[in-house]
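In our numbering, each number is its position in the sequence shown, counted from 1, plus 1.
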Amino acid sequence: MSKQGHKQTCLNLSVLGIQSKKEENTMQYKTMVTWMDRGSFASGTRVNYESNLRNFLVWKRENGGKFADMTPDDLIEYQKKARRSLEEDTEFEIIDELVQPYIKSLQDRLREGTLGSRISAINSFFKFNRAKLPEWTIGRSAGVPKVFGNLPFKDIREVCSNSSSVYRTIFLCTYMAGMDRALFNHWNIELGYKSIEDDIKRGSKIIVIKSPGRKKFKNKLPFYTLIGGDAVDALYKYLENDRKMTIDRFFGGDPNKATAIFYNQIGTPVTGKVLTEY
Numbered sequence: 002m003s004k005q006g007h008k009q010t011c012l013n014l015s016v017l018g019i020q021s022k023k024e025e026n027t028m029q030y031k032t033m034v035t036w037m038d039r040g041s042f043a044s045g046t047r048v049n050y051e052s053n054l055r056n057f058l059v060w061k062r063e064n065g066g067k068f069a070d071m072t073p074d075d076l077i078e079y080q081k082k083a084r085r086s087l088e089e090d091t092e093f094e095i096i097d098e099l100v101q102p103y104i105k106s107l108q109d110r111l112r113e114g115t116l117g118s119r120i121s122a123i124n125s126f127f128k129f130n131r132a133k134l135p136e137w138t139i140g141r142s143a144g145v146p147k148v149f150g151n152l153p154f155k156d157i158r159e160v161c162s163n164s165s166s167v168y169r170t171i172f173l174c175t176y177m178a179g180m181d182r183a184l185f186n187h188w189n190i191e192l193g194y195k196s197i198e199d200d201i202k203r204g205s206k207i208i209v210i211k212s213p214g215r216k217k218f219k220n221k222l223p224f225y226t227l228i229g230g231d232a233v234d235a236l237y238k239y240l241e242n243d244r245k246m247t248i249d250r251f252f253g254g255d256p257n258k259a260t261a262i263f264y265n266q267i268g269t270p271v272t273g274k275v276l277t278e279y
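#1: Just to check, is the beta-carbon of Glu88 closer than 7 Å to a non-hydrogen atom of the ligand FAD?
#2: Tell me the residue span of the alpha helix (DSSP H) that contains Tyr168.
#3: Who are the Cβ neighbours of Ser1 in its own chain at under 8 Å, not counting the five residues just before and after it?
#4: Beta-carbon within less than 7 Å of Thr294's beta-carbon, same chain only, minus the 5 sequence neighbours each way: which residues are those?
#5: For a quick check, are the C-beta atoms of Gly193 and Ile262 less than 8 Å apart?
#6: Helix, strand or coil for Lys274? Go by DSSP, reduced to three states.
#7: Among the candidates Leu58, Phe42, Asn189, Lys128, whose CA atom is the shortest distance from the CA of Thr27?
#8: Are the beta-carbon atoms belonging to Glu92 and Pro135 less than 8 Å from one another?
#9: Please go through the same chain and pick out, in chain order, the residues whose beta-carbon is closer than 6 Å to the beta-carbon of Phe1, but skip the five residues on each side of it.
#10: Under the rule that 16 or more other beta-carbon atoms within 10 Å means buried, what is Trp60, buried or exposed?
#11: Just the C-alpha distance for Tyr264 and Ser165, rounded to the nearest angstrom, thanks.
#12: Let's test the definition: count the other Cβ atoms within 10 Å of the Cβ of Tyr225 and tell me whether it reaches 16, buried, or not, exposed.
#13: Counting only runs of 4+ residues fully inside the segment 184-262, write out the alpha helix (DSSP H) ranges in chain order.
#14: According to DSSP, Tyr264 sits in a beta bridge with which residue or residues?
#15: In chain order, what residues of the same chain have a beta carbon less than 6 Å from the beta carbon of Arg119, not counting five sequence neighbours either side?
#16: Excluding sequence positions up to five away, which residues of its chain have a Cβ less than 7 Å from the Cβ of Gly40?
#17: In the segment 49-88, which residue ranges form an unbroken alpha helix (DSSP H) of at least 4 residues, counting only runs that do not cross its ends?
#18: Distance, Cα to Cα, Asp70 vs Leu227?
#19: Does DSSP put Lys133 in a helix, in a strand, or in coil?
#20: DSSP on Ala122, reduced to helix/strand/coil?
#21: In three-state DSSP terms, what is Pro153?
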């Protein structure tokens with residue numbers, strides 16, 4: 002790619018609120034680390050929150066006015082001082098001059114749920130750094146229709162039937178177990194094949210999936226979900242055929258090197274992100 006083309010690509014990414022590879026590592030800042038530590042977020046939530054806040058910071062550098070050159074640490078310190086100030090409306094400055102203009106700039110391009118995720122990440126960052134932003138709301142753009150999750154069962158069945166073996170198995174397992182993207186990542190990558198190995202060796206018709214729990218109960222109380230029926234039948238077939246071929250092709254036939262349950266066609270573990278975009 003030419004220098005001019007690369008420059009244009011970076012510009013387009015900036016306009017869309019997406020971080021380019023040259024952007025700074027936000028986790029170098031104390032307030033970012035504090036946010037993640039105090040929040041105790043699930044792995045999927047952590048990734049989404051960090052990405053959403055990074056997009057906000059990229060936008061801020063170009064459009065943030067007096068806040069443009071502030072680091073995440075600077076923003077938190079500013080809001081803490083504003084909350085202690087006796088001047089009227091001082092604590093609303095970041096909301097009025099930074100956050101609301103940022104969200105409004107996205108209203109015509111992003112749907113309500115996506116906007117809500119951006120807002121939630123920003124509010125969470127300030128909240129867990131003891132610099133909570135005032136309550137505020139922003140109206141939904143009339144030009145963006147609301148989307149309802151009304152995919153009928155017959156369409157879900159058709160998606161499963163027309164998918165490859167690995168994705169058909171994943172769809173059946175996640176649908177039966179009620180897994181979201183974060184739990185699927187936890188099961189497939191963090192727990193991995195070892196978590197189902199004993200059940201598979203016994204030929205069990207019910208597979209137990211351990212969950213870390215959510216929010217204040219995360220890693221404190223045991224949570225479980227189950228798969229059986231068509232999902233387990235598909236899982237056994239996948240393990241016997243596709244996964245064995247993956248081990249032979251990418252891991253030299255050594256099953257101990259294949260720690261995940263599901264692998265894609267290039268021999269890397271399937272992630273929840275890829276699953277939702279399949």
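For every residue, glycine included, the Cβ atom is placed at its ideal position computed from N, Cα and C.
Working from what's here:
#1: Questions concerning the ligand FAD fall outside what the structure shown contains, since it holds no ligand whatsoever.
#2: In the sequence shown, counting from the first residue as 1, residue 168 sits at position 167. Segment 166-178, the alpha helix (DSSP H) holding Tyr168.
#3: The structure shown has nothing for residue 1, since the chain only spans 2 to 279.
#4: Nothing can be reported for residue 294, as the shown portion of the chain is limited to 2 through 279.
#5: As a position in the sequence shown, residue 193 is number 192, starting the count at 1. As a position in the sequence shown, residue 262 is number 261, starting the count at 1. Their beta carbons are under 8 Å apart, which means Gly193 touches Ile262 by this criterion.
#6: The residue given as residue 274 occupies position 273 in the sequence shown. In this structure, Lys274 counts as helix in the three-state DSSP scheme.
#7: Stepping through the sequence shown from its first residue, residue 27 is reached at position 26. When each option's Cα is compared against that of Thr27, the closest is Leu58.
#8: By 1-based counting over the sequence shown, the position of residue 92 is 91. By 1-based counting over the sequence shown, the position of residue 135 is 134. Taking C-beta atoms as the reference points, Glu92 and Pro135 count as a pair closer than 8 Å.
#9: Residue 1 lies beyond the stretch modelled for the chain, which goes from 2 to 279, so this question has no answer here.
#10: As a working note, residue 60 is residue 59 in the sequence shown. In this structure Trp60 is buried. Its beta-carbon is surrounded by 16 or more other beta-carbon atoms within 10 angstroms.
#11: Looking up residue 264 in the sequence shown gives position 263. Looking up residue 165 in the sequence shown gives position 164. When rounded, the distance between both Cα atoms is 12 Å.
#12: Counting from 1 along the sequence shown, the entry for residue 225 is found at position 224. Looking at its Cβ environment, which holds fewer than 16 other Cβ atoms inside 10 Å, Tyr225 is exposed.
#13: 195-203, 230-241, 243-251
#14: Taking the first residue of the sequence shown as position 1, residue 264 is located at position 263. In the DSSP output, where bridge partners are listed per residue, Tyr264 has Pro270.
#15: The residue you call residue 119 lines up with position 118 of the sequence shown. Hits under 6 Å: Asn53.
#16: The residue given as residue 40 occupies position 39 in the sequence shown. Cβ neighbours of Gly40 beyond the five flanking positions: Ser125, Phe129.
#17: 73-85
#18: Position 69 of the sequence shown, counting from 1, holds the residue named residue 70. Position 226 of the sequence shown, counting from 1, holds the residue named residue 227. Distance between the alpha carbons of Asp70 and Leu227 is about 50 Å.
#19: Taking the first residue of the sequence shown as position 1, residue 133 is located at position 132. It is coil, neither helix nor strand.
#20: Translated into the one-based positions of the sequence shown, residue 122 becomes position 121. In this structure, Ala122 counts as helix in the three-state DSSP scheme.
#21: As a working mapping, residue 153 is identified with position 152 in the sequence shown. In this structure, Pro153 counts as coil in the three-state DSSP scheme.
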